[in-house]
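Undergrad:
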Amino acid sequence: MAHLCALYGQLEKCRKSKKKNKMKTTSNLKKIKLALCGLDGNAFSLMGAFSKQARKEGWAKEEIDLVIKDCMSGDYDHLLCILMEHCDEPDEDEDEDEDSD
Numbered sequence: 154m155a156h157l158c159a160l161y162g163q164l165e166k167c168r169k170s171k172k173k174n175k176m177k178t179t180s181n182l183k184k185i186k187l188a189l190c191g192l193d194g195n196a197f198s199l200m201g202a203f204s205k206q207a208r209k210e211g212w213a214k215e216e217i218d219l220v221i222k223d224c225m226s227g228d229y230d231h232l233l234c235i236l237m238e239h240c241d242e243p244d245e246d247e248d249e250d251e252d253s254d
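In our numbering, each residue's number is its place in the sequence shown (first place is 1) plus 153.
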């Protein structure tokens, strides 16, 4: 399976496709702080990491369910595009703060 960091180029392709097809996005592109790089690339593992972090950041169950449902509505590339649209890289100083606890 390809490493996730190599797949970030898919995001721009997905954005163009959504604009072209005028598709609605889930949860108005609400985002969480989650680095997808380095995670297990298994689809269920990725969705689990997303769900866990979204709950930690106070998302409602319905919001998480919408994103997960959207992830499962297509192929693996679609899943990655949806997750990448809803994830921002954590700030480096946030990571340092968590490590010092």
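Yeah, the Cβ is synthetic: ideal placement off N, Cα and C, and Gly gets one too. Quick caveat: nothing in here was measured; it's all calculated off a predicted structure.
Out of curiosity, what's the CA-to-CA distance linking methionine 225 and leucine 199?
TA: Whole-angstrom Cα-Cα distance: 12 angstroms.
Undergrad: How about leucine 236 and alanine 196: do their beta carbons lie closer than 7 angstroms?
TA: No, Cβ-Cβ distance for leucine 236 and alanine 196 is not below 7 angstroms.
Undergrad: Taking the beta carbon of glutamate 245 as the centre, do at least 16 other beta carbons fall within 10 Å, making it buried, or is it exposed?
TA: That one is exposed.
Undergrad: If we count the other Cβ atoms within 10 Å of its Cβ and call it buried at 16 or more, is aspartate 193 buried or exposed?
TA: Exposed, since its Cβ has fewer than 16 Cβ neighbours within 10 Å.
Undergrad: Could you compute how far the alpha carbon of tryptophan 212 sits from the alpha carbon of leucine 182?
TA: When rounded, the distance between both Cα atoms is 12 angstroms.
Undergrad: Quick check: what's the CA-CA separation for alanine 188 versus glutamine 206?
TA: Cα to Cα, alanine 188 sits roughly 10 angstroms from glutamine 206.
Undergrad: Which runs of the alpha helix (DSSP H) at least 4 residues long sit entirely within the stretch 188-250? Give them in chain order.
TA: Correct list: 196-209, 214-224 and 229-238.
Undergrad: Report yes if the C-beta distance between lysine 186 and aspartate 223 is below 7 angstroms; otherwise report no.
TA: The answer is no: Cβ separation not under 7 angstroms.
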